[in-house]
Each structure stands twice: as C-alpha cells, then as structure tokens.
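For reference, the structure is listed below as structure tokens.
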Amino acid sequence: MKTFITLLAIILSNALFTSNALAASQISATIDKNPVVVNESFILKITIDDDVDTNALNTSALLQDFIVGRTSVSSQTSMVNFKTTRTTTWSTLLIGKKAGNFIIPALTVAGIKSQAINVQVLAENDPLADKQQDIFITTEVSAKEVYVQQQLTLVVKLHFAAELKRGSLTEPTLEGASITQIGKDKEEDTVINGQRYRVIERTYAISPKNSGKFILKSPVFSGEILVPSTRRNNMFSFSETKPVSVIGDKIPLLVRPIPETFQGTWLPSDLLAIHQNWQPDIATFKVGEPITRTITLTAAGLSQEQLPILEITVPKGLKVYPDQAQLHTGMSSGHLVSQKVRNFAIVASKPGEYQLPEVSIPWWNTVTNRYQVATIAAQKITVLPNSELETATTVVNVNQNKDLAPAKTVIITQTSWLQWLFLALWLLTSLAWFISAELAKPSQAKTSKNKTPNNNAYLSLLAACKKNQGLAVLTLISPWINILQAKAGKAITATLDEALLEINSDEFQQEINYLQQCYYAKDQKDWQGTSLIKLIQAFNKQGLKESKVTVLSLNPT
C-alpha cells in the first residue's frame, strides 16, 4: 500500500511538473454577435491556455474604430487524467462608433497573436438592426438652435427587450451648460417591429451659458442582462449575466448670443404672459380691509430660477404686504413651462380714488426673434369709507372733547365787517373758555391726582395689546395719538399713516407693519402685543412736543 501511494505521488508530481514546464501555445479571439448595431455593445473574448498576468492584454489598438469599455479577467484551472489545464480569459466591452465593416486586429498575449475578426456594424435605421438590438437608446431634443440661457429639453428613452439584472444611466453632457432632470422616470411597454420592449423615459432641462457651436452628448447606459446559460443538466437550467452598454446619438447645437439691441433682464422664451386677479372683488374695497392682488407670470422655455422678481408699487394712502412667491415647473407639449405666483395684500388708510401703475416684464420672443413686453395695464381703484372704523374713531374723539379742546385755525380770505364781527365773537368765546378752565383747575386737581384725563383710548389700547387683538389695536392707535396731539396743542390727524408720522419712530413703524402683515397677508400669523406695549407706554409717558404757535391766518384783499 505504501509503495502504491509513493508511486501515485511521483506520477502526480511529474504530471504537474510537466504541465508547468509547458509554455502557452494557443490563443483564441471571439465576439458574441456579428453583425452588431452602432452605439450598442458587444463582447470580445480573448482566451489563452496559460495562467498569465491579468495586465498582459493591451487593447489600445481597438480605439481607432471602437469605444472600448470595461474589461473583466477570469482564470480557470482544471485537471483531467492527471493533466492540468490553465486558461486566462479577457472579456472586453466594445461599441461601434459608426456603421460599416471593420476589422478587430490581432492582439498579442505572452508572445502569441490572436486571429483578426471581421465585424459588420449596422446603422440604427438598417432593417437588419431591428433583429439585432435587445437594448438601445433614443433621444429627442426640443430645439437644435437656441439662445444663451434659453431652456431646451432632452427626452431620453431606454428600450430593452432582455431582462435587466442591474444598470445605471449617466446624465447627458454639454460644455458650459446647466443640466437638471425634470420629474421622475416614466415606464411603459411598447412594441417595435413585432418585438416587445420595456421603455424607461427620462427628461432633462438644459440651459446653455455660452454662445457658439456645441455637441450635446447623450447618456450612456451600463449594466447587466440575464442570458440563458450554456451549462445545462437534466434537472436544472441556469441563467447567467452579460454586461451591456449602449450610447445615445450625439446632437449638434447652435447657441446664439444675446442680441445687442435687447435692453433689460434677459428672458428668452417661446411664450411669456402675465396676468392678475383680485379677491374679493375689487368693487368692495374699503378702508382698513385687506384685498389680495395675485400676479401670475408664466413662461415657456425658462426655468423657475430665471423668472424675475414680481414687485408692485402703490400710491400714498395704500400699503402693500407681499407673500413669498410660489414657483412651479412642468412639461406641456414637450416644452418646459415655469410659473411664478405672488400674492400682495393691499390695505387703504383713507377713502378715495387711487391709480395703480402698470406692471411690465420685457422679454425676447425666441419664435419670432423679437423684443416684447408683457404688461398689466395701469388701473384705477376706488376705496370706499368703512363705517365700522369711522364709528370707533368718532366715539373715542367725542370722549376726548369732553375735557380737551383742540387747537383752532381760522382762515379768512375776504375782508368784511361780518368777518371782523365773527372774529371778535370767537375771541370772546375763547377768553370765556380759558377763564372757566382756570377756575375749574383747583377742583379738578383734587379729584384727578391719581387719574390721567381722558385715558380711555390709551387704556383700551393697552388692553387690546395684552389680549393680542391686532385689529382692535389698529383701530385704537389713531385715537390714542389724537389725545397726545391735543395735549401738545397740535391739529388732530385723520388717518393711521398720518398719526404714525407724529410718533416718528422706525421701531414703532416696524411693529405696526408687522402687525398689519400678520393680519392682512395671505399667510397670516399669530400676533403678540408684548413688544408694542412697551413702545406705547414709553411714548405715552414722554408725549409729543408741544406746538408753540397757534396759526391765525388773515388774508385781507
């Protein structure tokens, strides 16, 4: 038994030694299909009967006629009847650059040359190509001539009849351009020339930043598909994976510069429109009540980031509170459409007729190659009195006049004995009021040591702030300032804006603006009166500067 084992070891050792001593003697080159289709991959296999360095194969000779993809290397060792066999195989992905007949040249590995292979590359529109393609890419661009910053869309469709194991699709590339995918991938099934394909569709928005001639390079798909295995037995069948790669067509583009005659912010678009609507109806516009003006800008061939800022101006007596703009982007008839919507809350401080200026957006029509202006025409609006606000102001002013008399201004434009008579009577009345007021001071001082005269508006205003009642605060600010004006011998103002001018404080004005925005803007917020209370108390304590001159204007003719 020992003799047999020793003999067997010697035989095996001699067999291995003999095998290792033999150098590589055979090399083969094959492709997995012929003919092939342009822009679609096929596999070149180089096999040598030896275990050699994986970097021994040089594929640079293939670059002249083919796109060379990834190369995978595998080694295999087998023993049959004490004979050891070793092989090394390179699998290289190749893609034909153009249609025609080409030769895969002989390649050298370990000093041995493979045979050359003739390969036919079919054009995509060749009738034979339909029978060859299991996977391919189609592309469609919205325009091949555009202006700088004009949006164009690229629709990429990946068709595959085989079962995908895995894969990835790169983005298209264009020198000096921004490229963004729009929306999500779409999937559908279709039948082409009797063969069923699964289709994945992806859309990109492309904005060139420089003028000139460019090449838009389509995406590249790389992945693996399942193919039937050549290894079969009586009970089981297996599937293997095969690497694949396909490329879409290259697309030439002409990008035009901005016309020298264009003035303003550059907006190249197929169609641009601006319009407005009011809510509630503009006929019901009243003092102190907000009305919302919505302006919508719609543009084809522009991204939402390119749309200009929407602003409006209003005349004195109106205040505007803009909301954050809402942006939307989508596809319509194969074109990119972007939209900007902005709401403006407008509040009037006094009744009357107001002229709103026009809103205009200059743009360049890329269809007609002309300068255009989208416009909302100037518009007149009528603000009606608000009886609720007038009633509240009148009640407070009546309470004020019980104890305080406002400063008087008399204007006489013509000279007559009646005018001088009325002036004398007015002076006598004022003198009588002054004497009675001076006589009443001692008795009033006894009962008013701990009470400020006519504090109804002031106390009501503080109470409204503490309860965070913003609308009541807006109603009571003007009457409170009227009290301060009366104490300082100043004429009483009629509107909130005019009353705020007496305070002359940026901090106070900002608080009032914020309060109005909380109530009048579309996205309303909860208002808190804590900050405003401190400001009101401070200004009420210091009061307004007294008016030292009472104006008496006599203009005799």
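Just add 1 to wherever you are in the sequence shown, counting from 1, and you've got the numbering used here. By construction, the Cβ of each residue, glycine as well, lies at the ideal position given by its N, Cα and C atoms.
**Prompt:** Do Q277 and A206 have their C-beta atoms closer together than 8 Å?
**Reply:** Position 276 of the sequence shown holds residue 277. Position 205 of the sequence shown holds residue 206. The answer is no: Cβ separation not under 8 Å.
**Message:** Taking only three categories from DSSP, how would you classify N457?
**Reply:** As a position in the sequence shown, residue 457 is number 456, starting the count at 1. Note: N457 maps to helix in three-state DSSP.
**Message:** Using only the alpha-carbon positions, how far apart do Q401 and K381 sit?
**Reply:** To locate residue 401, count along the sequence shown from 1; it is residue 400. To locate residue 381, count along the sequence shown from 1; it is residue 380. For Q401, the pLDDT reaches just 46, beneath the cut-off of 50, and the residue's location in the model is therefore unreliable, leaving the point undetermined.
**Prompt:** Which class does P480 belong to by DSSP, given the choice of helix, strand or coil?
**Reply:** As a position in the sequence shown, residue 480 is number 479, starting the count at 1. Three-state DSSP puts P480 in a helix.
**Asked** Three or more C-beta pairs closer than 8 Å, one from the segment 25-40 and one from the segment 100-109: is that the case here?
**Response** yes
**Prompt:** Should V256 be labelled buried (16 or more other beta-carbon atoms within 10 Å of its own) or exposed?
**Reply:** In the sequence shown, residue 256 corresponds to position 255, counting from 1. With 16 or more Cβ atoms within 10 Å of its Cβ, V256 is classed as buried.
**Asked** Residues bridged to N344 by DSSP?
**Response** On the sequence shown, position 343 is the one that residue 344 refers to. N344 pairs with T295.
**C-beta atoms of T140 and I252 nearer than 8 Å** = Position 139 of the sequence shown, counting from 1, holds the residue named residue 140. Position 251 of the sequence shown, counting from 1, holds the residue named residue 252. In this structure, I252 lies closer than 8 Å to T140 by Cβ.
**Message:** Rounded to whole angstroms, what is the Cα-Cα separation between G302 and V147?
**Reply:** Along the sequence shown, one-based indexing puts residue 302 at 301. Along the sequence shown, one-based indexing puts residue 147 at 146. Taking the straight line from one Cα to the other gives about 10 Å.
**Item:** Extent of the continuous alpha helix (DSSP H) to which D498 belongs
**Value:** Taking the first residue of the sequence shown as 1, we reach residue 498 at position 497. From DSSP, the alpha helix (DSSP H) with D498 extends over 497-504.
**Asked** According to DSSP, is G353 helix, strand or coil?
**Response** By 1-based counting over the sequence shown, the position of residue 353 is 352. Residue state, collapsed to three classes: strand.
**Item:** For G101, the three-state DSSP class (helix, strand or coil)
**Value:** Indexing the sequence shown from 1 puts residue 101 at position 100. Residue state, collapsed to three classes: strand.
**Message:** Give me the residue from D51, I136, V288, Q280 with the minimum Cα distance to G249.
**Reply:** Working through the sequence shown from its first residue, we reach residue 249 at position 248. Here the closest residue by C-alpha is I136.
**Request:** Enumerate, from N- to C-terminal direction, the unbroken beta strand (DSSP E) stretches of 3 or more residues contained entirely within the segment 164-205.
**Result:** 165-170, 178-193
**Message:** Going by DSSP in three states, A146 sits in which element: helix, strand or coil?
**Reply:** On the sequence shown, position 145 is the one that residue 146 refers to. It should be pointed out that residue 146 corresponds to Glu in this sequence rather than to Ala. In this structure, E146 counts as strand in the three-state DSSP scheme.
**Asked** What's the call for D271, buried or exposed, on a 16-neighbour Cβ count within 10 Å?
**Response** Position 270 of the sequence shown holds residue 271. Burial call: buried.
**Request:** Name the two residues that bound the continuous beta strand (DSSP E) containing L159.
**Result:** If you number the sequence shown from 1, residue 159 lands on position 158. Note, L159: beta strand (DSSP E), 153-161.
**Prompt:** Quick one: what's got a C-beta closer than 7 Å to S223's C-beta in the same chain, skipping five residues either side?
**Reply:** Reading the sequence shown from its first residue, position 222 is the one you call residue 223. Hits under 7 Å: G168, S169, S246.
**Item:** Environment of Q543 [buried if 16+ CB atoms lie within 10 Å]
**Value:** Mapped onto the sequence shown, residue 543 falls at position 542. Its Cβ having fewer than 16 others within 10 Å, Q543 is exposed.
**Message:** Give the list of continuous beta strand (DSSP E) stretches no shorter than 3 residues that lie fully inside the segment 37-110.
**Reply:** 42-49, 67-81, 84-97, 101-105
**Exposure label - E354; buried when at least 16 CB within 10 Å** = In the sequence shown, counting from the first residue as 1, residue 354 sits at position 353. Exposed: under 16 other Cβ atoms inside 10 Å.
**Prompt:** Skipping 5 residues on each side, what residues in its chain have a beta carbon closer than 6 Å to that of V156?
**Reply:** Taking the first residue of the sequence shown as position 1, residue 156 is located at position 155. Excluding residues within five positions, the ones whose Cβ falls inside 6 Å are E141, T204.
**Prompt:** Is S350 buried or exposed, if buried means 16 or more other CB atoms sit within 10 Å of its CB?
**Reply:** As a first step, residue 350 is located in the sequence shown; it is residue number 349 there, counting from the start. With 16 or more other Cβ atoms within 10 Å, it is buried.
**Request:** Just confirm the distance between the C-beta atoms of T88 and D50, as a whole number of angstroms; I'd bet it's less than 8 Å.
**Result:** Your numbering for residue 88 matches position 87 in the sequence shown. Your numbering for residue 50 matches position 49 in the sequence shown. Going by Cβ atoms, the distance from T88 to D50 rounds to 6 Å, so yes, they are a contact pair.
**Prompt:** Which residues mark the beginning and the end of the alpha helix (DSSP H) in which K542 is found?
**Reply:** For this step, residue 542 is matched to residue 541 along the sequence shown. K542 -> alpha helix (DSSP H) spans 531-543.
**Asked** Since Q139 sits in a beta bridge, which residues does DSSP pair it with?
**Response** If you number the sequence shown from 1, residue 139 lands on position 138. Here the sequence assigns Thr to residue 139, which means Gln is not the residue at that position. T139 pairs with K158.
**Asked** Which residues bound the beta strand (DSSP E) around L123?
**Response** What you label residue 123 is simply residue 122 of the sequence shown in a count that begins at 1. Counting along the chain, the beta strand (DSSP E) containing L123 begins and ends at 118-123.
**Asked** Counting pairs of beta carbons, one from the segment 366-377 and one from the segment 329-349, are three or more of them closer than 8 Å?
**Response** no
**Prompt:** Does the segment 527-537 come within contact of the segment 455-470, defined as at least 3 CB pairs closer than 8 Å?
**Reply:** yes
**Prompt:** What three-state label does DSSP hand K467 in the structure shown?
**Reply:** As a position in the sequence shown, residue 467 is number 466, starting the count at 1. The answer is helix: DSSP assigns K467 an H, G or I state.
**Request:** Would you check if there are 3 or more beta carbon pairs closer than 8 Å linking the segment 354-363 to the segment 310-325?
**Result:** yes
**Sequence-distant residues of the same chain with beta carbon closer than 6 Å to T383, five excluded per side** = Position 382 of the sequence shown, counted from the start, is the residue given in the question as residue 383. Cβ neighbours of T383 beyond the five flanking positions: E354.
**Request:** Determine the direct distance from the alpha carbon of T86 to that of V53, and round the result to whole angstroms.
**Result:** If you number the sequence shown from 1, residue 53 lands on position 52. If you number the sequence shown from 1, residue 86 lands on position 85. Computed Cα separation, rounded: 13 Å.
**Straight-line gap, H160 to R199 (C-alpha atoms, nearest Å)** = What you label residue 160 is simply residue 159 of the sequence shown in a count that begins at 1. What you label residue 199 is simply residue 198 of the sequence shown in a count that begins at 1. If you take the alpha carbons of H160 and R199, they lie about 6 Å apart.
**Item:** Helix, strand or coil at V474 according to DSSP, with G and I counted as helix
**Value:** Taking the first residue of the sequence shown as 1, we reach residue 474 at position 473. V474: helix per DSSP, three-state reduction.
**Start-to-end residues for the beta strand (DSSP E) that takes in L254** = Against the sequence shown, residue 254 aligns to sequence position 253. It spans 252-257 - the beta strand (DSSP E) in which L254 sits, taken as one unbroken run.
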